[in-house]
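Q: Just so it is clear: in the sequence shown, position 123 is 122 by numbering that gives the first Met the number 0, and no numbers are missing.
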Amino acid sequence: MDSPAHIDLPTLTEKEQQELSQASCPVSIYKDIIETKSEALNQLFLQQLPIEWLVKGRASLIDQVLLTAWQAKGLDQEKDVCLVAVGGYGRGELHPKSDVDLLILINQVNESLKLKLEAFITFLWDINLDVGHSVRTHDECVKLAQDDITIITNLIESRHLAGEPDLLANVQLAIDVEHMWDGHSFYQAKIKEQEQRHEKYQNTAYNLEPNLKECPGGLRDMQVIDWVAKRHLHTHRLSALINKSFLSEDEYHRLKEAVSHLWRIRWALHIETNRKEDRLLFDHQRSLAGTFGFIGDDLKRNVEHFMQGYYQSVAAIQQLNDLLLQHFEESFLYPDQSNITEIINDRFQVHNGQLDIRDQDIFRKTPSAILEVYVVLGSREDIKGLRANTMRALQNSLDLIDDEFRYDKHNTELFMDIISSPYSMTSLLRSMKHIGILGRYLPEFEAIIGQMQHDLFHVYTVDAHTLQLVENLRRLWLPEYKQKFPISSQTIRHLPKVELIYIAGLYHDIAKGRGGDHSELGCQDARAFCERHSLSKHDTELIVWLVRNHLLMSVTAQRKDISDPEVIWEFARIVKDQEHLDHLFILTVADINATNPAMWNSWRASLMRQLYLETKRALRRGLDSPIDAEMLIDEHKQRALEVLIERRVDMCEAENIWETIDDEYFIRSSGDEIAWNTEAIINHKSDKPLVAIKSLGGRNFSGANRIFVYTPCSDHLFAVTAATLEQLGLTILDAKINITTHNYSLDTLVVMDDNDSNTNWNLDNAKIKLIQDTLIEQLESPSLYESLIQRYTPRILKIFNNAARVSLENNPEDIWSAMDVIAPDRPGLLAMIGQFFMTKNVMLHKAKIATLGERVEDTFYITEKSGEPILEEARIKQLCQQLEEKIDLFSQAN
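1) Tell me whether P209 sits in a helix, a strand or coil according to DSSP, three-state version.
2) Determine the contact status of L455 and L207, defining contact as a CB-CB distance below 8 Å.
3) V372: which of E92, L393 and G352 sits nearest, CA to CA?
4) Is it true that the CB of L143 sits closer than 8 Å to the CB of S157?
5) Please specify which runs of the alpha helix (DSSP H), each continuous and at least 4 residues long, are wholly inside the region 531-560, giving them in chain order.
6) In terms of residues, what are the limits of the beta strand (DSSP E) holding F859?
7) Could you please give me the residues that DSSP links to G384 through a beta bridge?
8) Please list the terminal residues of the continuous alpha helix (DSSP H) segment that includes N737.
9) According to the Cβ coordinates, are I677 and I644 closer than 8 Å?
10) If you count every other CB in all the chains shown that lies within 10 Å of the CB of A597, and 16 or more means buried, which is it?
11) Quick check: I369 and R346, are their CB atoms within less than 8 Å of each other?
12) Can you tell me whether E77 is helix, strand or coil according to DSSP?
13) Give the secondary structure of S669 by DSSP, where H, G and I count as helix, E and B as strand, and everything else as coil.
14) For N801, which option in R825, I660 and I814 has the closest C-alpha, if you only look at C-alpha atoms?
15) DSSP puts G131 in a beta bridge; with which residues?
16) Buried or exposed: L218, going by 16 or more other Cβ atoms within 10 Å of its Cβ?
17) Is T10 helix, strand or coil when you go by DSSP?
18) Can you find the residues in the same chain that come closer than 7 Å, C-beta to C-beta, to A387, ignoring five residues on each side of it along the sequence?
19) Classify Y406 as buried or exposed, calling it buried when 16 or more other Cβ atoms lie within 10 Å of its own Cβ.
20) What residue range does the alpha helix (DSSP H) around M831 cover?
21) Roughly how many whole angstroms lie between the Cα atoms of N894 and V223?
22) Leaving out five residues on either side along the sequence, give the residues of the same chain with a beta carbon under 7 Å from the beta carbon of E77.
23) Would you please state the rounded distance, in angstroms, between the beta carbons of H433 and A593? I believe it to be under 8 Å.
24) So, for Q16: in the same chain, excluding its five sequence neighbours on each side, which residues have a beta-carbon less than 7 Å away from its beta-carbon?
25) Rounded to whole angstroms, what's the CA-CA distance from N759 to Q557? Just pull it up for me.
26) Do three or more CB pairs link the region 655-669 to the region 632-646 at distances below 8 Å?
27) Are there three or more Cβ pairs, one per stretch, closer than 8 Å when the region 568-575 is compared with the region 600-617?
28) Please report the residue range of the alpha helix (DSSP H) in which Y743 lies.
29) Would you identify the three-state DSSP class for Q880, choosing helix, strand or coil?
30) Output the boundary residues of the alpha helix (DSSP H) element that contains F444.
31) Can you have a look at E672 and say buried or exposed, based on whether 16 or more other CB atoms are within 10 angstroms of its CB?
32) With a threshold of 16 other CB atoms inside 10 Å of the CB of A873, please say whether the residue is buried or exposed.
33) N893: buried (16+ other C-beta within 10 angstroms of its C-beta) or exposed?
34) Buried or exposed for E856, going by 16 or more other Cβ atoms inside 10 Å?
35) Check this for me: beta carbons of H233 and F414, under 8 Å apart or not?
36) Let's test the definition: count the other Cβ atoms within 10 Å of the Cβ of N153 and tell me whether it reaches 16, buried, or not, exposed.
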């Protein structure tokens, strides 16, 4: 694109060129001129000048600077040397802080040339150009290009700047496709390179902090198209692909528009950071949202809107990258391959393993064939995918998918066939989304495409998360996932209509981004889908119930005390029957893993498993027969007695200890845990605090460890324990505190290693002793613990500093008050809250700790010093307000 006549892009004037080309010209003059011209380009960027002109304009400016420096160092007087631009600079594209990649071609080095070249490169660094350079002979270039795909790619984009042009021409001739890297090998190498790059970013463009150059759908994907086209079609302009029938006019403009958008983001990112930066980090997303016009009061929504535009652009590049590479492969990489064609019906055939249409106008003639394509793909395991012309024909037929199409009974039946496909169902949905069909057929789904959630918990956009959830559901059928998800894998096989849970998965987050309760709003869309697709009333109500309650099980497991029979009974009353429990359990497991795989650990798995199995027992017993507390106490005590007898523990001593502990302990502790605690107390002969550590072990709790502390009561006990464990690199997941009649505190904490909480983790003897010794030392010297609270806060957590929210709730049946705390995650926060309780004369009895990305959602069960719930309204209001203020100050300081 040529710059307009009425816009003067910053260039060196003739006077400036003369001044800079003098050998005596100081570095400061160069630096001032470059800074002034660069700032002028940045101002033109803010004035919305087309980015293509700016990128080319900066490359042209640097060309001039290099030529004057080349002359100033006397290199224009040297023979047999050539200055070459390579890489992005070779394409004539430069962003504000991009590397200036140079190749210096020589025949041979003499001392004079060597000194001049060294002076030249040093000078470029001195004037603050980010130069990447190499000095090579013709033979060295050819040899390296022959062995390295990266080097030949750079040379393909080489551009003469100064010196002897024949040196470059000879290299370009030697690396021609006729002499090295034939069509097949070059294409395969670039595809492998792209696959490896995509793998590095988990094969998704929808990362929290994407790299706009290297991620799938990023600028590098567009360059792959460019490189392959240059190598095989000998064209240096993408627009030439239109004349060669590889791109349509519309596709070309969509590609250019997407690339331009990413270029604008990259230019703004370089200005923002004042360095070469391609990562859209959270703090940059916030500032760039304002640069791109999203300036409302809601910062979170501004960022989400800005990022939605980014994701839409990378999706367009990814789509056209797939289409063009498929087209290239079919058109000229395998021209001599024998054509193997299998006729399927009047509309489709399989051509060399890929599904093809038999008539280019088939979708216009028979619109339902748009969905039939995917029914055929899902019914055949041997079909590898779609041919390029079929993909293009589908994209060109999207306008046919209107309300009449959506409500056509034949089409709704076809879509249900896709949802029930025996093979590659999630790949089909991804392809439909990729091409644009899914969003057209389900307009409510189109609204969530590229919809990000500006936090650390949701690592994907809503649409990517949704399809990942459905894929997780499908994976539960695979043998390799049976060990990781034993109950889910078994349960999903007993669902009478597995497609119902796939539909619930598709719709569970469909209303995200609309405002309001997305679970309730999503029910309306789910019900409309079910009615349109003629599902029975029972199936419709099940799907709608799952969408409404899809968060219920995870919230109950992570925020409530599921060792409390009342919690289990209340949850069972909502679930009502085994059918709803099975569906909700499977959906929840798939949902958590699709939200943020790093958040799924053995502790969360054990909570989900425990809630599922306890609720299953409650449903079998009947909702009219809730668990009797006395029966549960007897059951747990009996199991503890069996263990203690087997271990030859003095039963009289055990009974005496039990007499000092209230019933709540026996209700909420398993028989094995009671036995372990009892034996540890009996065997403890020291005046020091008792600290015992045990791996929870087994399939249910692999990776978590239990710490038991038995010591005289003190106000600082929880704060000291929390600070010490965190300093030791342990995350507290659960805490129970019981006070004996002789004023001893009997505390049990479940912990995991905060650096490795997603894998099995067991403490060795040395680590156990370190924890015991450190904790005992701190408990005996509580005045030292406050220094432990202050720890380094990672950069990414500092970005999120939302105000804390604290609420306190009392239920008539409860013996404690439940205080919910939602706050930014900060090292030392738990200890600080424990310290707050101490200063406010509040007793802590239990804590449920949940870290969700950048925030914590913790529940503390507390009472007054007297042991009574906190009931006075003024006291409740004061506690909540003061804790919010304290947390906010703590978050800002850390």
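Ideal Cβ placement from N, Cα and C applies to all residues, glycine included. All values reported here derive from a predicted model rather than from experimental measurement.
A: So, from the listed chains and residues:
1) coil
2) yes
3) L393
4) Cβ distance not < 8 Å, so S157 and L143 don't count as in contact.
5) 536-547 and 551-558
6) R854 to E863
7) Q353
8) Here N737 belongs to no alpha helix (DSSP H); instead the beta strand (DSSP E) covers L729 to I738.
9) Looking at the sequence shown, residue 677 is not Ile but Thr. No, the Cβ-Cβ distance between T677 and I644 is not below 8 Å.
10) Result: exposed.
11) no
12) coil
13) coil
14) Taking only the C-alpha atoms, the option nearest N801 is R825.
15) D100
16) buried
17) coil
18) L322, Q325, H326 and E329
19) exposed
20) In the DSSP annotation of this structure, the continuous segment of the alpha helix (DSSP H) that includes M831 starts and ends at L828 to T838.
21) What the structure shows of the chain is the stretch from 0 to 893, and residue 894 is not part of that stretch, so it cannot be assessed.
22) L112 and K115
23) Between A593 and H433 the Cβ distance is about 18 Å, and since that is not below 8 Å, they are no contact.
24) Q63 and T67
25) Any reading at N759 is ruled out, since the residue's pLDDT is 44, under 50, leaving its predicted position unreliable.
26) yes
27) Under the 8 Å Cβ criterion, the region 568-575 counts as touching the region 600-617, having at least three qualifying pairs.
28) That residue, Y743, is in no alpha helix (DSSP H); its beta strand (DSSP E) goes Y743 to D752.
29) helix
30) From DSSP, the alpha helix (DSSP H) with F444 extends over P442 to E445.
31) buried
32) exposed
33) With 16 or more Cβ atoms within 10 Å of its Cβ, N893 is classed as buried.
34) buried
35) no
36) buried
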